[in-house]
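Report on one structure; see the data block that follows.
There are 2 protein chains.
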Amino acid sequence: MSEGGNGEFAAIERIRRLLPPAPEGETWIGDDAAVVGGTAGERMLLATDAVVEGVHFDLDLVDAADVGWKALAVNVSDVAAMGGRPLHALVSVVGAGADMLDRLMRGLADASTAYRCDVVGGDLSSGPCLVVAVAVTGTTDGRRAVLRSKALAGDVLYVTGPLGRSAAGLRVLRARAGALADQAGPPWERGSTGDSQFAELAAAYRRPVARVAEGLAASAGGATAMIDVSDGLGIDLDHLATASGVGVVLDTVPIADGASREEALAGGEDYELVFAAGDPDAVARAFAEASLRPPIRIGRCVPERTLRLLGADPLPATGWEHRLKPA
Amino acid sequence: MSEGGNGEFAAIERIRRLLPPAPEGETWIGDDAAVVGGTAGERMLLATDAVVEGVHFDLDLVDAADVGWKALAVNVSDVAAMGGRPLHALVSVVGAGADMLDRLMRGLADASTAYRCDVVGGDLSSGPCLVVAVAVTGTTDGRRAVLRSKALAGDVLYVTGPLGRSAAGLRVLRARAGALADQAGPPWERGSTGDSQFAELAAAYRRPVARVAEGLAASAGGATAMIDVSDGLGIDLDHLATASGVGVVLDTVPIADGASREEALAGGEDYELVFAAGDPDAVARAFAEASLRPPIRIGRCVPERTLRLLGADPLPATGWEHRLKPA
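Just so you know, the protein sequences line up as chains A and B, in that order. Each residue of the first sequence is one higher than the last, beginning at 1174 in the numbering used here. Each residue of the second sequence is one higher than the last, beginning at 1174 in the numbering used here.
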């Protein structure tokens, strides 16, 4: 069960109490994806996430195709954060007219191809606002799923890439849309087309990348706990630390080119993976074997359960809470 | 892939063309649920349906708990219409405040218990309108899934119960809400509480029943094709007949007590199952063995592919299209 800020962590706790607990060996509400048993005894991953106009996207800044991409990619990211790979997607679209639906589906089909995640069914409905809710299935191919809750004191903390690109992308798209409001066309096509940093940041916001290969490598390298950076590093690390009953002490936060320190810490929506692991050599080997750039070491898990430090300072637990329309 | 009227059948066809075709032995878009292969070789059912405020429900006529029930029940019905039983549900809720969320989840938990369909994960988001999107997994326990598309000329057509109760329930709720607008409380608690037909019809609308046991019995009795009555008998039978390449000739339409003929034919949302089967004795035996009332024989499949008759008249293909807010 993922959440979008605004008291929703408390709501999820209430929901958890309304429903029966998961049986031994399964994980239900409270991780990036659920881990359930199939009828043939195998383990299956299940996740769902909805994207909502005005909350998760603004059609003045992105194309409907980007929304379709993102709706699938954020779900694939949930599967990746369990050390799994996606299999199937179901898509519910509310409130899209014919033209928007076609563009949405084109972006969704792009992501489906990129992540080898087949769109096998869905539902269309009219409605007063645009919502794309996706549900995905996934598999760990017989390996144990990497939960949020199994990090140990002494584990090293890694992130799969520098942070802040998505938040910086939103910033530059907004700036360009405002500065060049008199020009026609979408903001990412206005102004200088030779600005590669602008293009890269805008793309990070419009078409976030789910780190499936990195999640598989982290799992192979012995990751004890993992989560994707959807809400913001401080918030997401706090989830992992709280679920695992450990503290976290960071030495560094890798900042993406063109992003600010604030965007890297609190921007969210980067969909890089943060994970804990006990054996740095095994992690390095697993990433090398998968021909991936090595993950970035950012700190360590410590026994003091409530500790959340970045250097000598408190690690800010701010992040993505209705970035488009602050609550 | 199910649909809510308003040109959406055409949209689904366009979407189908955008996406790769299902591999041999799987069924993707175009049936009540998708049939896909799991990693252990077993077959799995996947379905999704969203309910939207102002389109699928009106909170002046039903409680948020009813919305939660309905959101799960309509998905369970999609699994039932394949001859399967549900296993897991994922729930995305958009735009519900804390109080509404709690009531929604209570109704959803009721349905989860009733249908033995575990809610294993979900997503909460703020938003400008209330949407509950549910996705479910299901299984046929090794039996072949009953598609829409395998009915044969000569097959007998059955429905699992009389029709029109949901549409009649909406009508009486509206009437009571209007006539007793000065009274406090929800419409189903106003006026005479001894009116059992009102109560039954209102319940049929507020808490529709998915026919899981009936779907399993139909499958065991050799059903060749099956669909749930969600849009209206005429529309849903047309889907089955078109997918199967047969015509349909009905002798009768069973009308629920308190419903009109029009409501039985076009009301939709009854979630009774309509199925075709070649051997009436096998059907009768399967329903008797499951201790279910026998299904109602309504007609026959015929070789003339375009024929849609009710007695000597055309079978009206009208039905549920944005009943609350006509498009």
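Each residue gets a CB set at the ideal place from its N, CA and C atoms; glycine is no exception. Please read these numbers as outputs of a predicted model, since none were measured by experiment.
May I ask you to list the residues that DSSP assigns as paired with residue i?
| i | result |
| --- | --- |
| D1368 (chain B) | According to DSSP, which records beta bridges pairwise, D1368 (chain B) is partnered with nothing at all. |
| D1204 (chain A) | A:I1202 |
| C1290 (chain B) | The partner list for C1290 (chain B) (beta bridge, DSSP) is empty, contrary to what the question assumes. |
| M1217 (chain B) | B:V1209 |
| G1472 (chain A) | A:L1330 and A:L1423 |
| S1464 (chain A) | Answer is none; S1464 (chain A) lacks a bridge partner. |
| H1261 (chain A) | A:D1291 and A:T1310 |
| F1182 (chain A) | Answer by DSSP bridge pairing: none, since F1182 (chain A) is not bridged. |
| P1487 (chain B) | B:L1482 |
| I1428 (chain A) | A:L1336 |
| L1191 (chain A) | L1191 (chain A) pairs with nothing; no bridge assigned. |
| A1223 (chain B) | B:A1306 |
Quick check: is the beta carbon of residue i nearer than 8 Å to any beta carbon in chain A?
| i | result |
| --- | --- |
| L1211 (chain B) | First, the residue type needs correcting, since residue 1211 (chain B) is Gly and not Leu in the sequence shown. For G1211 (chain B), the answer is yes, since a Cβ of chain A falls inside 8 Å of its Cβ. |
| D1328 (chain B) | no |
| A1500 (chain B) | For A1500 (chain B), the predicted model reports a pLDDT of 32, less than 50, meaning its position is unreliable and no value from the coordinates is stated. |
| A1398 (chain B) | no |
| L1206 (chain B) | For the record, residue 1206 (chain B) in the displayed sequence is Ala; it is not Leu. Yes, because at least one Cβ of chain A sits closer than 8 Å to the Cβ of A1206 (chain B). |
| S1175 (chain B) | For S1175 (chain B), the predicted structure reports a pLDDT of 46, less than 50, and the residue's modelled location is therefore unreliable. A value from the coordinates is still provided. Yes - at least one Cβ of chain A is within 8 Å of the one on S1175 (chain B). |
| H1495 (chain B) | Unreliable positioning characterises H1495 (chain B) in this predicted model, as indicated by a pLDDT of 39, which lies under 50. The coordinate reading is nonetheless provided below. Chain A contact via Cβ: present. |
Could you name the residues of chain B that residue i contacts, counting a contact when the two beta carbons are closer than 9 Å?
| i | result |
| --- | --- |
| D1275 (chain A) | A1184, R1187, I1188 and L1191 |
| A1246 (chain A) | Per Cβ cutoff of 9 Å: no residues; A1246 (chain A) is ~14 Å from chain B at best. |
Can a CB atom of chain B be found closer than 8 Å to the CB of residue i?
| i | result |
| --- | --- |
| W1242 (chain A) | no |
| G1418 (chain A) | no |
| V1267 (chain A) | yes |
| T1491 (chain A) | no |
Residues of chain B with a CB under 7 Å from the CB of residue i: which are they?
| i | result |
| --- | --- |
| E1215 (chain A) | G1211, T1212 and A1213 |
| V1312 (chain A) | This sequence places Thr at residue 1312 (chain A); Val is not what is there. The contacting residues are T1212. |
| E1279 (chain A) | Strictly speaking, residue 1279 (chain A) in this sequence is Arg, with Glu absent from that position. Those are L1191, listed as they occur along chain B. |
Provide the residue span of the beta strand (DSSP E) that contains residue i, from first to last.
| i | result |
| --- | --- |
| A1398 (chain B) | A1396 to D1401 |
| D1355 (chain A) | Where D1355 (chain A) is concerned, there is no enclosing beta strand (DSSP E), given that its DSSP letter is neither H nor E. |
| A1115 (chain A) | This structure cannot speak to residue 1115 (chain A), because chain A is shown only from 1174 to 1500. |
| R1481 (chain B) | R1481 to L1483 |
Against residue i, what residues of chain A qualify as contacts under a CB-to-CB distance less than 7 Å, listed in chain order?
| i | result |
| --- | --- |
| A1308 (chain B) | T1221, L1263 and A1308 |
| A1284 (chain B) | Under the 7 Å cutoff, chain A gives no residues; its nearest Cβ is about 12 Å from A1284 (chain B). |
| G1300 (chain B) | V1225, V1228, C1302 and V1304 |
Report the neighbours of residue i on chain A: residues whose CB is nearer than 9 Å to its CB, in chain order.
| i | result |
| --- | --- |
| I1202 (chain B) | V1292, V1293, G1294 and G1295 |
| A1271 (chain B) | G1180, A1183, A1184 and R1187 |
Residue range of the alpha helix (DSSP H) that residue i falls in?
| i | result |
| --- | --- |
| T1415 (chain B) | L1406 to S1417 |
| L1245 (chain A) | A1237 to A1253 |
| G1388 (chain B) | V1385 to A1393 |
| L1438 (chain A) | R1434 to A1439 |
Could you tell me whether the stretch 1343-1361 of chain A touches the stretch 1465-1479 of chain A, using the rule of 3 or more Cβ pairs below 8 Å?
no
Looking at C-beta atoms only, is the number of pairs between the stretch 1255-1275 of chain A and the stretch 1404-1415 of chain A that lie closer than 8 Å three or more?
No, the stretch 1255-1275 of chain A does not touch the stretch 1404-1415 of chain A.
Three-pair Cβ contact test at 8 Å for the stretch 1260-1272 of chain A versus the stretch 1378-1393 of chain A
no
Any 3 or more C-beta pairs closer than 8 Å across the stretch 1301-1317 of chain B and the stretch 1212-1232 of chain B
yes
Does the stretch 1449-1461 of chain A touch the stretch 1323-1340 of chain A, meaning 3 or more C-beta pairs lie closer than 8 Å?
yes
Cβ contact (3+ pairs, closer than 8 Å) linking the stretch 1290-1306 of chain B and the stretch 1241-1260 of chain B:
yes
Contact between the stretch 1476-1490 of chain A and the stretch 1416-1425 of chain A: three or more CB pairs below 8 Å?
yes
Quick one: any contact between the stretch 1432-1443 of chain B and the stretch 1278-1290 of chain B, if contact means 3 or more CB pairs under 8 Å?
no
Is it true that the stretch 1220-1233 of chain B meets the stretch 1290-1302 of chain A, where meeting means three or more beta-carbon pairs spaced less than 8 Å apart?
Three or more beta-carbon pairs separated by less than 8 Å link the stretch 1220-1233 of chain B to the stretch 1290-1302 of chain A, which places the two stretches in contact.
Between the stretch 1339-1352 of chain B and the stretch 1437-1448 of chain B, do three or more beta carbon pairs fall short of 8 Å?
yes
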